[in-house]
């Protein structure tokens with residue numbers, strides 16, 4: 006396992022957390038958001054059963070650096086891809102997307118989603134290798150950038 010010392014962000018970092026639409030499994034995201042908060046990151050938690058539009062609109066309104074989601078119900082390929090598309094369409098392609106779903110999201114789907122532009126989908130193997138704090142450190146490090154300096158035109162995105 007890698008270093009478990011919590012990463013301290015250099016910038017103000019805001020992350021929107023939620024469980025995907027039709028998904029009542031919120032134990033994992035509740036644990037993850039508490040660990041994220043303990044690193045000094047501001048978390049806007051929407052709870053479970055949240056639509057892509059709700060999550061994207063909140064992330065934009067809150068000037069979030071990232072979105073962190075769990076999806077244990079299937080439909081994750083469409084959900085994550087639509088989220089990426091909607092962020093880019095609304096001129097917020099700089100907002101990073103992180104997700105996980107235990108063994109529900111297959112390795113081939115993880116590869117496809119990350120090639121599509123999803124920042125990171127964490128697998129059970131990542132959990133075993135990195136541990137909870139290691140995954141959070143990775144998420145926070147990749148989200149540690151100044152949002153206020155980003156000025157993107159509609160349709161432009163940073164990957």
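Numbering (my numbering), first residue to last: 6 to 164. Beta carbons are placed, not taken as given, at the ideal position from N, Cα and C, and that holds for glycine.
Boundaries for residue 150: no alpha helix (DSSP H) harbours it, and the DSSP string shows neither H nor E there.
The three-state reading of DSSP puts residue 33 in helix, counting H, G and I together. One thing to note: residue 144 has its Cβ within 9 Å of the Cβ of residue 71. In the DSSP assignment, the residues bridged to residue 55 are 25. Here residue 69 is near residue 152, since their CB atoms are less than 9 Å apart.
Distance from the CA atom of residue 15 to the CA atom of residue 111, rounded to whole angstroms, is 34 Å. Rounded to the nearest whole angstrom, the C-alpha separation of residue 77 and residue 83 is 13 Å. Between residue 67 and residue 131, the alpha-carbon positions lie close to 29 Å from each other. Closest in alpha carbon position to residue 126, among 142, 106, 92 and 133, is 106.
For the pair residue 34 and residue 53, the CB atoms are nearer than the 9 Å cut-off. With 16 or more other Cβ atoms inside 10 Å of its own Cβ, residue 148 counts as buried.
Taking a cut-off of 8 Å on C-beta distances, the region 94 to 105 touches the region 53 to 65, as three or more cross pairs fall below it. Distance from the Cα of residue 101 is smallest, within the candidate group 56, 114 and 119, for 119. Annotation for residue 142: 12 place their beta carbon closer than 6 Å to its own, counting only its chain and skipping 5 residues before and after.
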